[in-house]
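S.K.: Dropping a structure here in structure tokens format, bear with me for questions.
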Amino acid sequence: GAGVSQSPSNKVTEKGKDVELRCDPISGHTALYWYRQSLGQGLEFLIYFQGNSAPDKSGLPSDRFSAERTGGSVSTLTIQRTQQEDSAVYLCASSLIRTGNSPLHFGNGTRLTVT
Amino acid sequence: DQQVKQNSPSLSVQEGRISILNCDYTNSMFDYFLWYKKYPAEGPTFLISISSIKDKNEDGRFTVFLNKSAKHLSLHIVPSQPGDSAVYFCAAKDDTNAGKSTFGDGTTLTVKP
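Taken in order, these protein sequences are the chains called S and U.
With the numbering used here applied, the first sequence corresponds to residues 5 to 119, in that order.
With the numbering used here applied, the second sequence corresponds to residues 9 to 121, in that order.
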């Protein structure tokens, strides 16, 4: 079956512009997570959705970052007024359930470069 | 405060030998530990997991060992194959915290033919 799909795969933007990243999770997966990976670093948690609600937004770095999920499916991560430190690979993952050893299924990420 | 640490950024082993990747954690609330493998330009893929109530889980060439008292786990790959060359991430889950996974910085494994 189809895995997690992310678009675009690459995005180059100028500092100060807004960007929107899209994630299409595996059908039926109720939990959806956004992570980002900066160069040489591990995966940094950004936000988590259970259905359409986001109980945990604790990882969003600033109020320039926001995310939504509609219909319990597609999610978009929006970064306003992008800065150079926002450059990273943004990874989306979905999970059948959020508890237990249910693993994350990751997309291939969006590589964001802010010039 | 990094709750999950992989202290070796890289590891190189000969094909056919054992690869041992290590991971340390600080939060005793973690319920599950998972290992993911990542190839360049791809997202991480799940490899193997272990519950905090177990001390060993095996799946083919991959075995994960958990030492709760030392807050340490390790992934053993035997025999190692060139296709195992990738970045390996250790992750820990706390079901009381939204089931959020906390990741280490990864270890790059190179298996030489």
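Heads up, the beta-carbon is just placed ideally off N, CA and C, and yes, glycines get one too.
With the cut-off set at 8 angstroms, would you say S:C96 and S:Q10 are in Cβ contact?
M.R.: Residue mapping note: residue 96 of chain S aligns to position 92 of the first sequence, counting from 1. Residue mapping note: residue 10 of chain S aligns to position 6 of the first sequence, counting from 1. Yes.
S.K.: Tell me where the beta strand (DSSP E) around S:L43 begins and ends.
M.R.: Position 39 of the first sequence, counted from the first residue, corresponds to residue 43 of chain S. No beta strand (DSSP E) holds S:L43; DSSP gives it neither H nor E.
S.K.: Do U:V86 and U:T115 have their C-beta atoms within less than 8 angstroms of each other?
M.R.: Here residue 86 of chain U refers to the residue found at position 78 of the second sequence. Here residue 115 of chain U refers to the residue found at position 107 of the second sequence. No, they are not a contact pair.
S.K.: Measuring CB to CB, does S:R68 end up less than 8 angstroms from S:L36?
M.R.: In the first sequence, residue 68 of chain S corresponds to position 64, counting from 1. In the first sequence, residue 36 of chain S corresponds to position 32, counting from 1. It is not a contact, given that the beta carbons lie outside the stated cut-off.
S.K.: Report the CB separation of S:L81 from S:W38 in whole angstroms; it is logged as a contact under 8 angstroms.
M.R.: Residue numbering aside, residue 81 of chain S sits at position 77 when the first sequence is read from its first letter. Residue numbering aside, residue 38 of chain S sits at position 34 when the first sequence is read from its first letter. With a Cβ gap of about 5 angstroms, S:L81 and S:W38 count as contacting.
S.K.: Report yes or no: is there a C-beta of chain U within less than 8 angstroms of the C-beta of S:P107?
M.R.: The sequence position of residue 107 of chain S within the first sequence is 103, counting from 1. It does: the Cβ of S:P107 has a partner Cβ on chain U nearer than 8 angstroms.
S.K.: What does DSSP give as the partner residue(s) for U:F38 in the beta ladder?
M.R.: By 1-based counting over the second sequence, the position of residue 38 of chain U is 30. According to DSSP, which records beta bridges pairwise, U:F38 is partnered with nothing at all.
S.K.: Please return the same chain residues whose Cβ sits closer than 8 angstroms to the Cβ of S:V23, not counting the five positions on each side in sequence.
M.R.: Translated into the one-based positions of the first sequence, residue 23 of chain S becomes position 19. Answer for S:V23: K15, T17, T82, I83, T86 and L116, listed in chain order.
S.K.: Does DSSP put U:Q10 in a helix, in a strand, or in coil?
M.R.: Numbered from its first residue, the second sequence carries residue 10 of chain U at position 2. Coil at U:Q10, not helix or strand.
S.K.: Could you name the residues of the segment 12–25 of chain U whose beta carbon sits closer than 9 angstroms to any beta carbon of chain S, in the order they occur along the chain?
M.R.: Per Cβ criterion, the list reads V12, Q14 and P17.
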